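Data first, discussion second: the structure below is written as structure tokens.
Numbering (this note's numbering), first residue to last: 304 to 406.
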């Protein structure tokens, strides 16, 4: 790939982010992307640990329906408390960071 094509490829993500921001969709898109990653990671840990949804819900002291919402990658609504409970239930720890430009 030549330098020009590589440069265009590297900048395409930022242009798409600019488009989403202009349309007022960037925050929602980011929330859905983050939720998809969390749901994927949690599902993978459940498989690795041979955890059923019933058992994970029991460990989290929540309902199966609430766990289903957490595992639904299309549903970005989730509380920090729920994420903390899920992390603890699989033997993990929730880490959240705030990325501030120029900070």
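Using N, Cα and C, we set each Cβ at its ideal position, and we do this for glycine too. If you're wondering where the values come from, they're calculated on a predicted model, not measured in any experiment.
Cut-off 8 Å between Cβ atoms - residues of its own chain near residue i, not counting five sequence neighbours on either side
i: residue 323; result: 329 and 332
i: residue 390; result: 396 and 397
i: residue 367; result: 356, 357 and 360
i: residue 385; result: 363, 365, 369 and 373
Straight-line gap, residue i to residue j (C-alpha atoms, nearest Å)
i: residue 375; j: residue 405; result: 34 Å
i: residue 387; j: residue 354; result: 17 Å
i: residue 321; j: residue 327; result: 10 Å
i: residue 365; j: residue 352; result: 19 Å
i: residue 309; j: residue 317; result: Because the pLDDT of residue 309 is 49, which lies under 50, any placement of that residue in the model is unreliable, and the question is left without a value.
i: residue 362; j: residue 336; result: 26 Å
i: residue 339; j: residue 325; result: 23 Å
i: residue 377; j: residue 347; result: 17 Å
Nearest neighbour of residue i, chosen from the options [CA to CA]
i: residue 357; options: 347, 351 and 369; result: 369
i: residue 395; options: 372, 349 and 379; result: 349
Contact set for residue i: own chain, Cβ-Cβ below 7 Å, skip 5 residues either direction
i: residue 359; result: 349, 370 and 392
i: residue 334; result: 379
Residue i vs residue j beta-carbon contact at 9 Å
i: residue 403; j: residue 341; result: no
i: residue 383; j: residue 399; result: yes
Cβ neighbours of residue i in the same chain (closer than 6 Å, five flanking residues each side left out)
i: residue 319; result: none
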